[in-house]
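S.K.:
Number of protein chains: 2
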Amino acid sequence: MPNDLQLPFREVTALIRVGEGRFTGDVHPSWTIGGKPNGGYLLAMTAAAATAEIPHPHPIAANAHYVRSPEPGPVEIVAEVLRAGRSASQARARLLQDGHPCIEAVITASTLDPAAVPYWDEGAPTAGDVPFEACVPLPGRTPDGSVTVALMDQVDLRLEPASAGFTAGAPTGHGELRGWLALPGDGAFDPLSLLFAVDAFPPATFDVEFTGWVPTLELTVYVRALPAPGPVRVLQRAQLIDGQRVDEACFVWDRTGRLVAQGTQLAGIRLG
Amino acid sequence: MPNDLQLPFREVTALIRVGEGRFTGDVHPSWTIGGKPNGGYLLAMTAAAATAEIPHPHPIAANAHYVRSPEPGPVEIVAEVLRAGRSASQARARLLQDGHPCIEAVITASTLDPAAVPYWDEGAPTAGDVPFEACVPLPGRTPDGSVTVALMDQVDLRLEPASAGFTAGAPTGHGELRGWLALPGDGAFDPLSLLFAVDAFPPATFDVEFTGWVPTLELTVYVRALPAPGPVRVLQRAQLIDGQRVDEACFVWDRTGRLVAQGTQLAGIRLG
């Protein structure tokens, strides 16, 4: 779905370095859900600042704690190198708005080897085989019509038909969403945009029971390999809803079926 | 296995507050593997400092990036409050030795409700039913005899017989270890010691192929409920070995079968 208003991921995460470890950026109003910026998008922007300060280009382990949600608009990011090592480096970074901490992130970065091949993957779920073309685009509104998901005009997010029941009020109860994700203009994924990919899907709890906002408290992403160009296949699944919180695990495969990123998140939910 | 040299978890994680957000502690030489302190133990110590500074007592999401391994002995921890909120608070904390950053942690804390009950858990693995008494204590040395695991004289870590094959050179290939963990003196687990529980088991990759040290690069823990007294049941499983790194997922149930903590970690491994 080409769209004149679509902006490349590189553009909506662009930073200006204004001093040692200090950056400014602009949170785009279209990368939002109900007006709130997507959490993976904010982590990618924060990690971009962190990796700019260290000798290794690829975040391989990144976490964000969501302290408060920034509004779309100008933000500041402050990054601090913890160690610049031989095979890996670490940095922490904080995204602030009007002086208030919004995202607290820590990044371990390395250089992913394009020649690496998986050695053993029997503990990971299987990718499935429903092709991109057989999947259904996620509507730009939540099932109850209450929330506009502006982000869906930017990315091409498609659900496997078996996962799309919740959009018609018929969740399966399995708490599992499978589908595909493409960046605007078919932009190729890279380790930074994979940080977004693990938080792009709707809450997998929608496949259990539809609720209002499921705000992410913490997001952890491991980037495991350099992705092939093209859309990525995503599995987002809920594991446990307890004490009005849910954890979700996410798996991201590239077009060739290589597992390239994994994530977990803890979020608030009004159930139980 | 009572042991005169066993020290309570509370004692080996004890901190002295020496200023606002500043603490000193002592990494105990017995909470080590081949002389290196256990990573979950160090996260628990670091998180203890963070939670001491905020109004919420229970870490619900905690991560550590392992910048460098401290030696047993004195350490300093510096904690900084990010936000003290109504239902949750956030802090970051750094463990240093001789002025060098060793652990970089961020904590989201809350107050876990003892009356909460799980609402939905169909996405989590099942706990299994092999009782504590039917499990076999993990030896205090690695299978090749090369590494002394002093930690095994402190905690009572038992593997289900089906998971213990690797100790006799016969891994199953599934990359999955199941068993039980008890603290010294049958001490009750709490949210802080659960941060240790998710990193107490041997690398689940030992059930794929035995290797040397599998150093944790990053550890994330979600504490989901207050545990009942007694030992906890643990499932540690590897998911993907690629590019000389492995991720492992961990699930911890209390004695009553309640899923009380979950973890993921990314570690280095000399395979592939």
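Respectively, the protein sequence lines represent chains A and B.
Our numbering numbers the first residue of the first sequence as -13 and each following residue consecutively.
Our numbering numbers the first residue of the second sequence as -13 and each following residue consecutively.
Where is the CB? At the ideal position from N, CA and C, for every residue including glycine.
Touch check for the region 41 to 53 of chain B and the region 3 to 12 of chain B: three-plus C-beta pairs under 8 angstroms?
M.R.: Counting Cβ pairs under 8 angstroms, fewer than three are found: no touch.
S.K.: Taking C-alpha atoms, which residue in T37(A), G71(A), T18(A) and S149(A) lies nearest to I63(A)?
M.R.: With distances taken between Cα atoms, I63(A) lies closest to T37(A).
S.K.: What whole-angstrom Cβ distance do T(-1)(A) and L178(A) have, given they're in contact under 8 angstroms?
M.R.: Correct: roughly 7 angstroms between the Cβ atoms.
S.K.: Considering only residues of the same chain and omitting the five flanking positions on each side of E6(B), which have a CB-CB separation below 6 angstroms?
M.R.: None.
S.K.: In the DSSP assignment, find the beta strand (DSSP E) that holds T250(B) and state where it starts and stops.
M.R.: It spans L245 to G254 - the beta strand (DSSP E) in which T250(B) sits, taken as one unbroken run.
S.K.: Could you give the distance in angstroms between the alpha-carbon of D259(A) and the alpha-carbon of V220(A)?
M.R.: As shown, chain A starts at -13 and ends at 258. That puts residue 259(A) outside it, with no answer to give.
S.K.: What number of angstroms, rounded off, separates the C-alpha of R244(B) from the C-alpha of P217(B)?
M.R.: If I take the Cα positions, the gap works out to 12 angstroms.
S.K.: Please confirm whether G254(B) and R223(B) have their CB atoms less than 8 angstroms apart.
M.R.: It is not a contact, given that the beta carbons lie outside the stated cut-off.
S.K.: Determine, using beta carbons only, whether D84(A) comes closer than 8 angstroms to chain B.
M.R.: No, D84(A) lies away from the interface with chain B (no Cβ there is under 8 angstroms from its Cβ).
S.K.: Mind checking whether P181(B) and F175(B) have CB atoms under 8 angstroms apart?
M.R.: Sequence inspection shows Leu at residue 181(B); the Pro mentioned does not correspond to that position. No, Cβ-Cβ distance for L181(B) and F175(B) is not below 8 angstroms.
S.K.: How long is the line joining the alpha carbons of P(-12)(B) and A183(B), rounded to whole angstroms?
M.R.: For P(-12)(B), the predicted structure reports a pLDDT of 48, less than 50, and the residue's modelled location is therefore unreliable. The matter cannot be settled from this model.
S.K.: If you compare alpha carbons, which of L252(B), R210(B), F152(B) and E234(B) is closest to T94(B)?
M.R.: Out of L252(B), R210(B), F152(B) and E234(B), R210(B) has the C-alpha closest to the C-alpha of T94(B).
S.K.: Mind listing the chain B neighbours of E90(A)? Cutoff is C-beta to C-beta under 7 angstroms, in chain order.
M.R.: Here the neighbours are L68, Q76, R78 and V92.
S.K.: Report, in whole angstroms, the separation of the C-beta atoms of D130(B) and H160(B), which I expect to be a contact under 8 angstroms.
M.R.: That belief does not hold up - the Cβ atoms of D130(B) and H160(B) are roughly 21 angstroms apart, past 8 angstroms.
S.K.: H51(B) and V92(A) - do their beta-carbons sit closer together than 8 angstroms?
M.R.: Against a cut-off of 8 angstroms, the Cβ pair of H51(B) and V92(A) comes out as a contact.
S.K.: With DSSP as the reference, identify every bridge partner of P87(B), one or two as the case may be.
M.R.: Answer is L82(B), bridged to P87(B).
S.K.: Under 8 angstroms between beta-carbons, which chain B residues line up against D228(A)? List them in chain order, please.
M.R.: Near D228(A) (Cβ distances below 8 angstroms), the residues of chain B are A102, V103, P104, Y105, D107, R210, A211 and L245.
S.K.: Evaluate E2(A) with the Cβ neighbour count: other Cβ atoms within 10 Å of its Cβ, from every protein chain shown; 16 or more gives buried, anything less gives exposed.
M.R.: First, the amino acid is wrong: residue 2(A) is Ile here, not Glu. With fewer than 16 other Cβ atoms within 10 Å, it is exposed.
S.K.: How about A235(B): is its Cβ closer than 7 angstroms to a heavy atom in the ligand COA?
M.R.: The ligand COA is absent from the structure shown, which contains no ligand whatsoever.
S.K.: Look at the Cβ atom of F196(B), then the Cβ atom of F152(B), and state whether they are nearer than 8 angstroms.
M.R.: Yes.
S.K.: Three-state secondary structure (DSSP) at R54(A)?
M.R.: Of the three classes helix, strand and coil, the one that applies to R54(A) here is coil, per DSSP.
S.K.: Identify the continuous beta strand (DSSP E) that holds P170(A) and give its terminal residues.
M.R.: First-last for P170(A): undefined, no H or E at that position.
S.K.: Consult DSSP for A235(B) and reduce its assignment to one of helix, strand or coil.
M.R.: Correct three-state label for A235(B): strand.
S.K.: Can you check which of these residues, L226(A), A74(A) and T242(A), is closest to E108(B) by C-alpha distance?
M.R.: Nearest C-alpha to E108(B): L226(A).
S.K.: Is S132(B) buried or exposed, if buried means 16 or more other CB atoms sit within 10 Å of its CB?
M.R.: It counts as exposed.
S.K.: Within the 8 angstroms Cβ cut-off, does L14(B) reach chain A?
M.R.: Note that residue 14(B) is His in the sequence shown here, rather than Leu. Not one chain A Cβ lies under 8 angstroms of H14(B).
S.K.: Would you kindly report the start and end of the unbroken alpha helix (DSSP H) that includes V(-2)(A)?
M.R.: Counting along the chain, the alpha helix (DSSP H) containing V(-2)(A) begins and ends at F(-5) to V(-2).
S.K.: Between the Cα of D277(A) and those of V61(A), A65(A), E90(A) and G71(A), spot the shortest distance and give me the residue it belongs to.
M.R.: There is simply no residue 277(A) to check, as chain A begins at -13 and stops at 258 in what is shown.
S.K.: Tell me whether E(-3)(B) is buried or exposed, calling it buried when 16 or more other Cβ atoms sit within 10 Å of its Cβ.
M.R.: Exposed, since its Cβ has fewer than 16 Cβ neighbours within 10 Å.
S.K.: For R144(B), tell me which candidate among G155(B), R72(B) and E119(B) has the shortest Cα-Cα distance.
M.R.: Taking only the C-alpha atoms, the option nearest R144(B) is E119(B).
S.K.: Within 10 Å of its beta-carbon, does R256(B) have 16 or more other beta-carbons around it, so buried, or fewer, so exposed?
M.R.: That one is exposed.
S.K.: Given R241(B), which residues of its chain have a CB within under 6 angstroms of its CB, disregarding the five upstream and five downstream residues?
M.R.: The residues are A214 and G216.
S.K.: I want to see whether chain E comes within less than 8 angstroms of T206(A), judged by CB atoms only; does it?
M.R.: This model lacks chain E altogether; the protein chains it does include are A and B.
S.K.: Give the secondary structure of S75(B) by DSSP, where H, G and I count as helix, E and B as strand, and everything else as coil.
M.R.: Correct three-state label for S75(B): strand.
S.K.: Please report whether the beta-carbon of H44(B) lies at a distance below 8 angstroms from any beta-carbon of chain A.
M.R.: It does not: the Cβ of H44(B) has no partner Cβ on chain A nearer than 8 angstroms.
S.K.: Which partner residues of R223(B) appear in the DSSP bridge assignment?
M.R.: Beta-bridge pairing links R223(B) to E162(B) and A235(B).
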